[in-house]
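Novice: In the numbering used here, the protein residues as written are 0 to 614. Even glycine gets a Cβ: it sits at the ideal position worked out from N, Cα and C. Fair warning: this is a prediction, and the values are worked out from it, not measured in the lab. Please read through the structure below; I'll follow up with questions.
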Amino acid sequence: MKKNHANDLELNPSTFTDAVKRFWPMLKPYSLRALCGLALTAPLGALDGGIALFLKYYVDNVVVAKSAGWAQYIPAIIVCYALIQGALNYGSVYLNSWVGTKITTDLKEKLYKKLLTFDPQYFDVHNSGDVVYRFYSDADTASNGLINNAKLFLTRTFSTIGLVFVLLYNSWQLAFIAVSVFVLLVWPMQIVRKKIKKITPKLVSSGSNIITSYNETCGGYKTIAAYNLQDYQFQKQRAILNNLFNLSMKMVKHTNWLSPLMHVVVALGVAGVVWYGNNLIIKGTITSGNFASFIASLLMLYTPLKSMGNNYIDIQKAFLAIERVFQILDFKPSIKSAAHSSKISGVKKNVSFDNVVFEYRENMPVLKGVSLNVPVGSTIALVGNSGGGKTTFVNLIPRFYDVKSGSVKIDGTDIRDIDLASLRQQIAIVFQDNFLFTGSIRENIIAGNPGASERNIKEAVKGAHLEHFISTLKEGLDAHIGERGVTLSGGQKQRVAIARALLKAAPIVILDEATSALDNKSEAIVQKAVENLMKGRTVFIIAHRLSTVQNADRIIVLNEGVIAESGSHDDLIKNGNGAYKTLYNAQFKNKKTQSSGAAKMEADLPLFEEIIYEE
Ligand SMILES: Nc1ncnc2c1ncn2[C@@H]1O[C@H](COP(=O)(O)OP(=O)(O)OP(=O)(O)O)[C@@H](O)[C@H]1O
Ligand SMILES: [Mg+2]
0 MKKNHANDLE LNPSTFTDAV KRFWPMLKPY SLRALCGLAL TAPLGALDGG
50 IALFLKYYVD NVVVAKSAGW AQYIPAIIVC YALIQGALNY GSVYLNSWVG
100 TKITTDLKEK LYKKLLTFDP QYFDVHNSGD VVYRFYSDAD TASNGLINNA
150 KLFLTRTFST IGLVFVLLYN SWQLAFIAVS VFVLLVWPMQ IVRKKIKKIT
200 PKLVSSGSNI ITSYNETCGG YKTIAAYNLQ DYQFQKQRAI LNNLFNLSMK
250 MVKHTNWLSP LMHVVVALGV AGVVWYGNNL IIKGTITSGN FASFIASLLM
300 LYTPLKSMGN NYIDIQKAFL AIERVFQILD FKPSIKSAAH SSKISGVKKN
350 VSFDNVVFEY RENMPVLKGV SLNVPVGSTI ALVGNSGGGK TTFVNLIPRF
400 YDVKSGSVKI DGTDIRDIDL ASLRQQIAIV FQDNFLFTGS IRENIIAGNP
450 GASERNIKEA VKGAHLEHFI STLKEGLDAH IGERGVTLSG GQKQRVAIAR
500 ALLKAAPIVI LDEATSALDN KSEAIVQKAV ENLMKGRTVF IIAHRLSTVQ
550 NADRIIVLNE GVIAESGSHD DLIKNGNGAY KTLYNAQFKN KKTQSSGAAK
600 MEADLPLFEE IIYEE
């Protein structure tokens with residue numbers, strides 16, 4: 000069972016310096032543009048201060064002294080300021096957005112590259128929604144959140160510096176009152192930070208559930224329709240959406256009081272200034288112009304600060320996303336090439352399993368000490384009860400999972416000492432549930448060997464018995480097959496997968512025969528394709544067909560994670576009470592129930608499908 004691990008990691012919001020430190024290498028290549036964008040924000044912010052300062056001269060000269068002087072130019076200057084500010088603003092928004100979007104794109108590339116290195120185990124336990132959330136959405140939240148807020152913060156920093164300068168110029172006492180009220184916000188900001196930290200993992204988990212649900216709806220729409228599950232699915236989705244709604248409201252309830260609180264604090268600041276300012280004017284310490292200019296710059300300073308509460312919340316969310324993003328980038332997959340690993344080209348002697356123990360979950364071994372020597376060029380058929388460990392056994396050869404103890408070796412070298420890409424280059428696999436990519440048949444086949452020539456592709460198509468089918472398609476090999484190959488039949492899908500494996504021409508072939516309900520004719524065609532794939536290779540085949548089993552050099556009966564029996568068909572059939580003979584007899588009985596005259600087909604009949612095993 001997959002479970003949601005979105006909140007399986009302890010999240011600690013990074014500090015601003017941590018985040019900047021981690022982001023710096025990503026920003027570095029674009030630092031010149033970022034710097035230009037930033038440079039434009041400096042005059043942009045500082046112009047606010049200029050306007051506030053004008054007011055002092057205006058009030059003192061025009062309002063109080065009734066002399067126009069150069070103040071007559073003020074209207075024109077205001078318009079010019081607005082024009083300059085507009086132009087600078089546009090330039091800085093463009094540059095900053097460019098840098099921000101570029102960093103986000105780079106980050107997504109990095110994350111995707113990393114995702115491709117993850118062990119299959121990761122995908123066993125993480126839902127698709129969780130993966131999309133962590134590898135895509137978080138990158139947006141992280142970089143956009145940080146960059147937008149950093150930009151806002153920096154613009155306001157310059158504006159703040161300009162305005163604080165004007166405040167100080169007009170009256171240092173009032174400036175002191177205006178700024179000191181913000182001490183009142185330190186504690187509330189800490190509370191908000193803690194709340195965000197607590198609620199965010201739940202929001203992430205809920206958001207990823209939604210993506211998973213959409214993916215499931217796309218993949219399982221036939222099952223939904225067949226079982227009339229529309230209402231059931233709808234209720235499930237509704238519950239997830241409601242949960243997300245409740246969590247979002249919880250977040251708003253517990254954090255968004257910060258902005259109104261800022262309004263109150265700002266009001267306290269203004270009240271304090273007006274109260275003390277009255278005294279100063281009455282005593283003649285400051286002029287009316289000073290006071291008007293002071294109040295104007297104070298209001299300009301406070302207006303953005305009032306909305307800073309929301310920015311603070313966004314920045315905390317961005318920090319948490321950054322934390323999650325870097326946890327992924329720092330994650331070291333356990334299945335990777337060892338530093339001392341060597342490359343191999345082909346198999347010369349054998350593939351061997353040496354007392355292999357494997358478990359998906361702690362202390363629940365699926366393979367319990369399996370030993371097997373497979374000489375190069377031979378065919379091994381794996382049979383046994385469902386859940387007995389056959390797929391698991393073959394999954395160890397390309398290192399989808401690593402053994403718990405014991406070893407798998409090729410020509411005497413532990414596969415963990417072989418370069419991973421070179422190991423996988425030696426193996427062609429046709430899975431039990433084959434995966435086809437969205438795209439054309441050609442694209443799906445060529446995935447087996449991206450450098451293959453047209454002739455090789457044609458040969459693979461022929462070997463997989465796809466020629467006839469492809470000739471019926473208007474676009475031939477370039478026909479599109481829909482997501483996961485939905486427009487193909489079961490047998491066609493299998494043969495495309497076989498063509499892909501044929502094209503790879505790898506020395507080791509692994510076949511996990513699908514038991515999907517193919518009719519006898521398609522079974523026979525698939526069987527022929529499989530035989531082509533097996534020619535001259537070292538083959539591990541999980542077999543359900545009598546013909547495959549009979550022709551194998553050796554049959555392994557794998558029951559409950561141990562080799563119950565092994566040998567050729569002729570040897571094993573002689574052992575009256577043996578596991579294989581029991582399976583065979585059950586099949587024989589099964590066959591007798593088939594209509595007479597089916598003898599020709601017997602070799603292709605599924606062998607172990609309708610048997611109920613003792614587990
Ligand atoms: N990814 C996984 N995570 C956890 N347990 C798994 C996983 N894959 C398989 N198992 C368990 O391991 C055991 C062996 O499974 P495996 O797929 O190897 O069986 P099998 O012999 O191939 O069966 P079948 O003939 O039905 O395909 C089963 O009990 C199964 O539930
Ligand atoms: Mg299997």
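1. Please report the distance separating the alpha-carbon of Arg-423 from that of Pro-397.
2. What are the start and end residues of the alpha helix (DSSP H) that includes Ser-404?
3. Tell me whether Asp-511, by its Cβ, gets closer than 7 Å to a heavy atom of ligand 2.
4. Give a yes or no on whether the C-beta atoms belonging to Ile-280 and Ser-287 are separated by under 8 Å.
5. Count the other CB atoms within 10 Å of the CB of Met-628; is the residue buried (16 or more) or exposed (fewer)?
6. Nearest-angstrom Cα distance between Gln-431 and Asp-511?
7. Under 8 Å, do Ile-409 and Arg-499 count as touching if we go by C-beta distance?
8. When the Cα of Glu-358 is compared with those of Tyr-231, Val-538, Asp-401 and Pro-332, which residue comes out closest?
9. Roughly how many angstroms lie between the CA atoms of Leu-247 and Gly-85, to the nearest whole one?
10. Assign Gln-315 to one of two classes, buried (16 or more other C-beta atoms within 10 Å of its C-beta) or exposed (fewer than that).
11. Pairs of beta-carbons, one from the segment 172-184 and one from the segment 193-212, closer than 8 Å: are there three or more?
12. Is the beta carbon of Tyr-29 closer than 8 Å to that of Lys-109?
13. Let me check understanding here. Comparing Cα to Cα, which of Phe-290, Lys-194, Tyr-231 and Leu-267 lies closest to Met-250?
14. Determine the closest residue to Lys-503 out of Asp-569, Arg-494, Arg-553 and Ile-428, with distance taken between C-alpha atoms.
15. Using C-beta distances below 8 Å, list every residue in its chain close to Leu-26, excluding the 5 sequence neighbours before and after it, in chain order.
16. Counting pairs of beta carbons, one from the segment 198-217 and one from the segment 460-477, are three or more of them closer than 8 Å?
17. Looking at ligand 1, does it come within less than 7 Å of Gln-493, judged from the CB to the closest heavy atom?
18. Hey, Leu-297 and Val-263 are a contact pair by Cβ (cut 8 Å); roughly how many whole angstroms apart?
19. Mark Asn-310 as exposed unless 16 or more other C-beta atoms lie within 10 angstroms of its C-beta, in which case mark it buried.
20. Let me know the secondary structure DSSP gives Asn-95 once reduced to three states.
21. Should Gly-383 be listed as close to ligand 1, given that the test is whether its C-beta is under 7 Å from any heavy atom?
22. Starting from the Cα of Gly-405, find the closest Cα among Leu-371, Ile-379 and Gly-447 and give me that residue.
23. Less than 8 Å between the beta carbons of Asp-230 and Ser-341, yes or no?
24. Compare the C-alpha of Trp-23 against each of Gly-90, Tyr-220 and Leu-145 and name the closest.
25. Opposite Lys-367 in the DSSP bridges: which residues?
26. By DSSP, does Glu-442 sit in helix, in strand, or in coil?
27. Any residue with its Cβ nearer than 5 Å to a heavy atom of ligand 1 should be included. What is that list in chain order?
28. Less than 6 Å between C-beta atoms, sequence neighbours within five positions excluded: which residues of the same chain meet that for Val-561?
29. Please say whether Gly-484 and Leu-435 have beta carbons closer to each other than 8 Å?
30. Would you grab the beta carbon distance between Ala-232 and Thr-216 for me? Rounded to a whole angstrom, and I think it's under 8 Å.
31. So Phe-293 packs on Ser-170, CB below 8 Å; how close in whole Å?
32. Please classify Arg-323 as buried or exposed, where buried requires at least 16 other C-beta atoms within 10 Å of its C-beta.
33. Is Ile-541 near ligand 2, going by C-beta to nearest heavy atom under 7 Å?
34. Pick out whichever of Pro-42, Asp-569 and Leu-395 has its Cα sitting closest to the Cα of Asp-118.
35. Among Leu-153, Ala-291 and Gly-383, whose alpha-carbon lies nearest the alpha-carbon of Val-272?
Specialist: So, from the listed chains and residues:
1. Within the sequence shown, numbered from 1, the residue matching residue 423 stands at position 424. Within the sequence shown, numbered from 1, the residue matching residue 397 stands at position 398. Taking the straight line joining both Cα atoms gives about 6 Å.
2. In the sequence shown, counting from the first residue as 1, residue 404 sits at position 405. Element bounds for Ser-404: not the alpha helix (DSSP H) but the beta strand (DSSP E), 404-409.
3. As a working note, residue 511 is residue 512 in the sequence shown. Under cutoff, so the answer is yes.
4. Position 281 of the sequence shown, counting from 1, holds the residue named residue 280. Position 288 of the sequence shown, counting from 1, holds the residue named residue 287. In this structure, Ser-287 lies closer than 8 Å to Ile-280 by Cβ.
5. Outside the shown range of the chain (0 to 614) lies residue 628, about which nothing can therefore be said.
6. Locating residue 431 in the sequence shown gives position 432, where the first residue counts as 1. Locating residue 511 in the sequence shown gives position 512, where the first residue counts as 1. So the two alpha carbons sit approximately 5 Å from each other.
7. Translated into the one-based positions of the sequence shown, residue 409 becomes position 410. Translated into the one-based positions of the sequence shown, residue 499 becomes position 500. It is not a contact, given that the beta carbons lie outside the stated cut-off.
8. Working through the sequence shown from its first residue, we reach residue 358 at position 359. The candidate whose alpha carbon is nearest that of Glu-358 is Asp-401.
9. One-based indexing of the sequence shown puts residue 247 at position 248. One-based indexing of the sequence shown puts residue 85 at position 86. For clarity, residue 247 is Ser in the given sequence; the question names Leu instead. If you take the alpha carbons of Ser-247 and Gly-85, they lie about 36 Å apart.
10. As a working mapping, residue 315 is identified with position 316 in the sequence shown. The residue is buried, with at least 16 neighbouring Cβ atoms inside 10 Å.
11. no
12. Here residue 109 refers to the residue found at position 110 when the sequence shown is read from its first residue. Here residue 29 refers to the residue found at position 30 when the sequence shown is read from its first residue. Going by C-beta atoms, Lys-109 is not nearer than 8 Å to Tyr-29.
13. Taking the sequence shown and counting its residues from 1, the one referred to as residue 250 is at position 251. The shortest Cα separation from Met-250 among Phe-290, Lys-194, Tyr-231 and Leu-267 belongs to Lys-194.
14. Counting from one through the sequence shown, the residue named residue 503 turns up at place 504. It is Ile-428 whose Cα lies nearest to the Cα of Lys-503.
15. Within the sequence shown, the letter at position 27 stands for residue 26. Hits under 8 Å: Ala-33, Val-98 and Ile-102.
16. no
17. As a first step, residue 493 is located in the sequence shown; it is residue number 494 there, counting from the start. No; taking the cut-off as 7 Å, the Cβ of Gln-493 has no heavy atom of ligand 1 nearer than that.
18. Your numbering for residue 297 matches position 298 in the sequence shown. Your numbering for residue 263 matches position 264 in the sequence shown. Actually they do not touch by this definition, with Cβ atoms about 16 Å apart.
19. Translated into positions along the sequence shown, residue 310 becomes position 311. Buried is the call here.
20. Here residue 95 corresponds to residue number 96 of the sequence shown, with the count starting at 1. In this structure, Asn-95 counts as helix in the three-state DSSP scheme.
21. Here the question's residue 383 lines up with position 384 in the sequence shown. Yes, the beta carbon of Gly-383 sits closer than 7 Å to at least one heavy atom of ligand 1.
22. Your numbering for residue 405 matches position 406 in the sequence shown. Measuring from the Cα of Gly-405, the nearest candidate turns out to be Leu-371.
23. Position 231 of the sequence shown holds residue 230. Position 342 of the sequence shown holds residue 341. It is not a contact, given that the beta carbons lie outside the stated cut-off.
24. Residue 23 sits at position 24 when you count from the first residue of the sequence shown. Of the listed residues, the one whose Cα sits closest to Trp-23 is Leu-145.
25. One-based indexing of the sequence shown puts residue 367 at position 368. Note: Lys-367 sits in a beta bridge opposite Val-356.
26. Counting from 1 along the sequence shown, the entry for residue 442 is found at position 443. Glu-442 falls in the helix class under three-state DSSP.
27. Asp-123, Tyr-359, Val-365, Ser-385, Gly-386, Gly-387, Gly-388, Lys-389, Thr-390 and Thr-391
28. Sequence index remark: in the sequence shown, residue 561 carries index 562 (1-based). Excluding sequence neighbours, Val-561 sits near Lys-367.
29. Here residue 435 refers to the residue found at position 436 when the sequence shown is read from its first residue. Here residue 484 refers to the residue found at position 485 when the sequence shown is read from its first residue. A contact, by the Cβ cut-off of 8 Å.
30. Your numbering for residue 232 matches position 233 in the sequence shown. Your numbering for residue 216 matches position 217 in the sequence shown. For the record, residue 232 in the displayed sequence is Gln; it is not Ala. About 7 Å separates the two Cβ atoms, so the contact holds.
31. Within the sequence shown, the letter at position 294 stands for residue 293. Within the sequence shown, the letter at position 171 stands for residue 170. Right, the Cβ-Cβ distance comes to about 6 Å (below 8 Å), so this counts as a contact.
32. Reading the sequence shown from its first residue, position 324 is the one you call residue 323. Under this definition Arg-323 is a buried residue.
33. Within the sequence shown, residue 541 is the residue found at index 542, counting from 1. Checking every heavy atom of ligand 2 against the Cβ of Ile-541, one is found closer than 7 Å.
34. Locating residue 118 in the sequence shown gives position 119, counting from the first residue. Closest option to Asp-118, Cα to Cα, is Leu-395.
35. On the sequence shown, residue 272 is found 273 positions in, with the first residue counted as 1. Ranking the options by Cα distance to Val-272, first place goes to Ala-291.
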